[in-house]
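Chemist: Right, I'll just put the structure down here and ask away after.
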């Protein structure tokens, strides 16, 4: 009985340790920032562009309603050239006065880490900045 229990415990531990697989389609949906007081990106909407291609539309904190940044391509990435387990993605926005790179990482089916890196291109002497945020699928 002890031997069966140990084998079962080892099997459960092994299965729990296996990484979850993700396809580009797992990114699709509306994602909300878990920080309701954010002054940055409040929501992203990821849609299919056909096949395994995706688009992203990001929304930033504005008043009285959030500002749409527009829709851009969202390439996804595996850990090597034959990996179809895509858990990472990037997007580039050009606002004219600044450029923002978004990096996304699918942690679990309904949790997304999103980092943004903004560089000002308008000679305003504003410092480049980054932010790290967590999003949940709505």
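Numbering (my numbering), first residue to last: 1 to 138.
For glycine and all other residues, C-beta sits at the position ideal for the given N, C-alpha and C.
Would you kindly work out how many angstroms separate the C-alpha atoms of residue 18 and residue 72, rounded to a whole number?
Modeler: Bear in mind that the predicted position of residue 18 carries a pLDDT of just 40, short of 50, making it too unreliable to give a figure here.
Chemist: Between the C-alpha atoms of residue 89 and residue 100, what's the straight-line distance to the nearest angstrom?
Modeler: 14 Å
Chemist: Please name the residue or residues paired with residue 43 in a DSSP beta bridge.
Modeler: Answer is 32 and 59.
Chemist: Compute the Euclidean distance between the alpha carbons of residue 139 and residue 33, then round it to the nearest angstrom.
Modeler: Residue 139 is absent from the structure shown; the chain starts at 1 and stops at 138.
Chemist: In or out: residue 68 buried (at least 16 other Cβ within 10 Å) or exposed?
Modeler: exposed
Chemist: Does the beta-carbon of residue 83 have 16 or more other beta-carbons within 10 angstroms, so that it is buried, or is it exposed?
Modeler: exposed
Chemist: For a test of the three-state rule: what should DSSP assign to residue 94, helix, strand or coil?
Modeler: strand
Chemist: Helix, strand or coil: which one does DSSP assign to residue 49?
Modeler: Reduced to three states, the DSSP call for residue 49 is coil.
Chemist: Assuming residue 76 contacts residue 54 under a Cβ cut-off of 8 Å, what Cβ separation, rounded to an integer in Å, is found between them?
Modeler: 7 Å
Chemist: For residue 78, report the span of its beta strand (DSSP E) as first-last.
Modeler: Here residue 78 belongs to no beta strand (DSSP E), and DSSP marks it neither H nor E.
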